[in-house]
């Protein structure tokens with residue numbers, strides 16, 4: 021793995037992008053939960069209801085992950101702001117390492133969420 025050097029402004033920009041994506045995911049989860057509520061009133065089949073409960077649990081878990089990710093971004097932003105106040109745009113090696121690790125975490129979550137959405141849309145096609 022190569023050593024990555026990131027300036028505060030680059031990290032801040034990436035944080036803004038991630039926050040936008042996370043906010044969109046939150047909106048989508050609201051939409052998905054509305055669809056679940058519609059389906060609950062239509063179906064009495066135990067297998068379908070079990071699948072609905074599965075998706076409800078997945079959406080709750082993903083909502084919690086989104087909140088954790090947003091909190092981590094906020095903490096990183098606070099550290100960047102602290103450096104800006106002291107006029108030090110010094111490269112914080114620890115913060116850079118955390119940022120790169122966090123980027124990997126976001127990319128992993130993006131993949132997990134994408135797969136969940138595909139699965140849920142197939143479910144909706146079948147039972148909506």
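In our numbering, the protein residues as written are 21 to 148. Glycine included, each C-beta is placed from N, C-alpha and C at the ideal position.
Is residue i helix, strand or coil by DSSP?
| i | result |
| --- | --- |
| residue 88 | helix |
| residue 31 | helix |
| residue 65 | coil |
Going along the chain, which residues of its own chain have a beta-carbon closer than 7 Å to the beta-carbon of residue i, five neighbours each way excluded?
| i | result |
| --- | --- |
| residue 49 | 79, 82 and 83 |
Quick one: using the 10 Å Cβ neighbour count with 16 as the cut-off for buried, is residue i buried or exposed?
| i | result |
| --- | --- |
| residue 69 | exposed |
| residue 47 | exposed |
| residue 74 | exposed |
Tell me which same chain residues have a C-beta within less than 8 Å of the C-beta of residue i, skipping the five on either side of it?
| i | result |
| --- | --- |
| residue 38 | 89, 93 and 126 |
Is the number of C-beta pairs between the segment 75-91 and the segment 33-48 that are closer than 8 Å three or more? yes
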